[in-house]
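Accompanying notes for the structure given below.
Number of protein chains: 2
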Amino acid sequence: MVVEPKQARFESLSLDSGATLSPVDVAYETYGELNRNKTNAVLILHAFSGDAHAAGIGHDGKPGWWDNMIGPGKAFDTDRYFVICSNVLGGCRGTTGPSSINPATGCPYAMTFPVITIGDIVRLQKMLIDSLGIERLLCVCGGSMGGMQALQWAVSYPDAVASAIPIATTARHSAQQIAFNEVGRQAIMADPDWNGGNYYGRKPPGRGLAVARMVGHITYMSDDSMREKFGRRLRHREQYGFDFEVDFEVESYLRYRGSQFVDRFDANSYLYITKAMDYFDLVNGHGSLAAALEKTKARFLVISFTSDWLYPSYQSLEIVNALRSRNRDVAYCELASNYGHDAFLVDVAEQAEVIRGFLARVARENV
Amino acid sequence: MVVEPKQARFESLSLDSGATLSPVDVAYETYGELNRNKTNAVLILHAFSGDAHAAGIGHDGKPGWWDNMIGPGKAFDTDRYFVICSNVLGGCRGTTGPSSINPATGCPYAMTFPVITIGDIVRLQKMLIDSLGIERLLCVCGGSMGGMQALQWAVSYPDAVASAIPIATTARHSAQQIAFNEVGRQAIMADPDWNGGNYYGRKPPGRGLAVARMVGHITYMSDDSMREKFGRRLRHREQYGFDFEVDFEVESYLRYRGSQFVDRFDANSYLYITKAMDYFDLVNGHGSLAAALEKTKARFLVISFTSDWLYPSYQSLEIVNALRSRNRDVAYCELASNYGHDAFLVDVAEQAEVIRGFLARVARENV
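Protein sequence lines, in the order shown, are assigned to chains A and B.
Its first residue numbered 876, the first sequence is counted upward by one per residue in the working numbering.
Its first residue numbered 876, the second sequence is counted upward by one per residue in the working numbering.
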């Protein structure tokens, strides 16, 4: 069944920077049916390069990015739950972002787009949820940057969140995480085609964006999974080429993933969304993570993966320990996987089981 | 005392690719005195971006890159040993590389420079050692790419190596290691100023090279050491700037290190030397690492560091286990350090002690 993309428009959105955006469009999709009491809604929060198309088959024939987790009988069982996913603020897949037209000028915002935060992204999602008449979400769930949003939801709107599942994420970006994002930004801004962000209608900074994406892909995989997938296998060669064409399979993979990304992602969105992640710090303004999480009312299920070195398990444990220190209800699962950070997207068998069980309990109490 | 840079020239060098280079210049430095029997020579092998200036004070007033390890009374005690360090083939610090003038054309080689291997780098070093009248080195030692050269020496010239100390290295580059190098190469080649490698006498591809170096620096540090050194500290700001200038200390550091590197390193050398590392695979042509190491005659001391995730300890253990499986003489030290891959350069107290003791024994047997 083909999923219909949906769109909502809001008159204005106040941002943490003090700026205001108006209007703001939100692209979203829904799967399953909202029940009469509107108590079975689950908000899925996408990662950095994701979009609203989380499940089902799109008009382009492509399955959603978490179709292995969302659908009839799946972990997010659409026979039981009403699942919503929206593209994030600052994105380039239907929600207002730097590539959107600024109504004040008639031109794309480009770098005049205001710098946004995870708090802003979640504030816009709250407006969408309100507009659907949903007062309280049964669950907010996401991996990586989606997990940051899940945490932000629980902190910003404690009465609107019955449960939260932050996966492979952190309560604040570390120096190393900021560093990897900064390299990506510098790669884009070093590309002359970036042109201060003004490339719309022209050649986009594809070379810089591809390099940024290549760095990203290395951090999403584990040393082990790269060894298993590529090892030192040569690409279409019996021996070293002694040139600078592709020698190794892993080079071919990275070049392909880099160039593919350029076709579907906006370089300025890369800048803005990575910045939002780098600014993410729940400690900020609260003194401690425990203090920040104290006012949450959700049940938590925190998930991390053994081989994820980009968002290592110790960062999930910081969240778990902070919640426990304030007697919040939290379960923690460190799942064994060789897939690195990608595990939450590709190695989902165990993850599906723990989420299914957790959701069933939350549903018994709240639906 | 200021160290005098030295230079040697060789008529020609045969390369693994089948090509021949002629002539070939080698920049090197020496510290201490060669004894009458020429049995106290130690060859120090530099890492990717190093050079021949390993110890003492250069004409520019700068100490050598391993001055904390080499000198009177230090681990490589120049009162006892004659220490040699040369810039690698393909480099840009005095030894022939892509920025050198091709005598056949009168222009820099640029990308007409032949692709080289660690084997080629070591073959040229052997010519230098021969020219100094040294038949057998008391020790070959280096970290990272220097460790690859140490291993290659032990395999290629078993009778010329009494002992070898490969530090923080591998017997073959993994998919992840190749991937990080490939990202650096792509960043350079994506810079329009790279211009197919023909930028000598013009603006070099500084933006691409800086991005490549930034990626490198992240891999040289550990998550922990970045947290200790930078954390989330802001740079000259009380709060987020909500712009794309520098917010965080770690961003400032990376940008600085990137731009600084452009002043001292040649982008084409980056391409050639990373390629040599990626091609490094002692298993290649031998069937197994144990078979490759079987004909070595050196005593080995293998060193790795707990927080080094770029050249993790398991890669050192592969070397150790292969040597042990063929009854070669090998000691292994995994040293505790938070400094990541940089540890062999900056966290040297324990490393100095184990090397001092190892060398003393080798010297008793061989000097």
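We put the CB at the ideal spot given by N, CA and C, even for glycine.
Keep in mind it's a predicted model, so treat the numbers as computed, not measured.
Residue 1034(B) sits in a helix when the DSSP states are folded into three classes. In the DSSP assignment, residue 903(B) falls within the beta strand (DSSP E) that extends over 899 to 906.
Residue 890(A) places its beta carbon 9 Å or farther from that of residue 978(A). Neighbours of residue 892(A) in chain B, taken as residues whose beta carbon is under 7 Å from its own, are 1117 in chain order. Against chain B, a Cβ distance below 7 Å from residue 1051(A) picks out 1093, 1098, 1101.
For residue 1098(A), DSSP assigns no beta-bridge partner whatsoever. Around residue 1105(B), the beta-carbon contacts reaching into chain A at under 7 Å are 1050. Close to residue 1083(A), with beta-carbon spacing below 7 Å, are these residues of chain B in chain order: 1065. Residue contact check for residue 1125(B) against chain A: a CB pair falls below 9 Å.
Judged by DSSP in its simplified three-state form, residue 1241(B) adopts helix. When C-beta distances to chain B are compared with 8 Å, the residues of the segment 1130 to 1155 of chain A below that value are 1130, 1133, 1146, 1150, 1153, 1154, in chain order. For the options 923(B), 1037(B), 895(B), the alpha carbon positioned closest to that of residue 1239(B) is the one of 1037(B). For residue 1167(A), the closest Cβ of chain B is not nearer than 9 Å. By the 16-neighbour rule on beta-carbons within 10 angstroms, residue 1089(A) is buried. Leaving aside the five residues that flank residue 887(B) on each side, the residues in its chain whose CB is nearer than 6 Å to its CB run, in chain order, 895, 897.
The beta carbon of residue 880(B) sits no closer than 9 Å to any beta carbon of chain A.
Residue 1055(A) has its alpha-carbon roughly 32 Å from the corresponding atom of residue 1203(A).
In the three-state reduction of the DSSP assignment, residue 1047(B) falls in the strand class, which pools E and B. The continuous stretches of beta strand (DSSP E) do not include residue 1132(A), which lies in the alpha helix (DSSP H) extending over residues 1124 to 1137. In this structure, residue 1221(B) sits away from residue 1194(B), with a CB-CB distance that is not shorter than 9 Å. With the criterion set as a beta carbon lying under 9 Å from some beta carbon of chain A, the members of the segment 891 to 913 of chain B are 891, 892, 893, 894, in sequence order.
In chain order, 1044, 1045, 1046, 1049, 1179 place their CB closer than 8 Å to the CB of residue 1190(A), counting only its own chain and leaving out the 5 sequence neighbours on each side. Below the 7 Å Cβ cutoff, chain B contributes 1058, 1061 as neighbours of residue 1089(A), in chain order. Taking C-beta atoms as the reference points, residue 880(A) and residue 903(A) count as a pair closer than 9 Å.
For residue 1122(A), a Cβ of chain B is located within less than 9 Å of the residue's own Cβ. In the DSSP assignment, residue 885(A) is bridged to 899(A). If you draw a straight line from the Cα of residue 1099(B) to the Cα of residue 1214(B), it is about 8 Å long. Taking a beta-carbon distance threshold of 9 Å, residue 940(B) does not count as an interface residue toward chain A.
Interface residue (Cβ-Cβ distance to chain A less than 9 Å): residue 989(B) is classified as such. Looking at the DSSP output, residue 945(A) shares a beta bridge with 951(A).
The criterion of a C-beta distance shorter than 9 Å is satisfied by residue 1122(A) and residue 1110(A). Among the residues of chain B, none has a CB under 8 Å from the CB of residue 923(A); the nearest is roughly 17 Å distant. Beta-bridge annotation (DSSP): residue 1208(A) is paired with 1178(A). DSSP places residue 878(B) in no beta strand (DSSP E); its state is neither H nor E.
Not flagged as an interface residue toward chain B: residue 1180(A), since no C-beta distance is shorter than 9 Å. For residue 1165(A) and residue 1060(B), the gap between their C-alpha atoms comes out near 44 Å.
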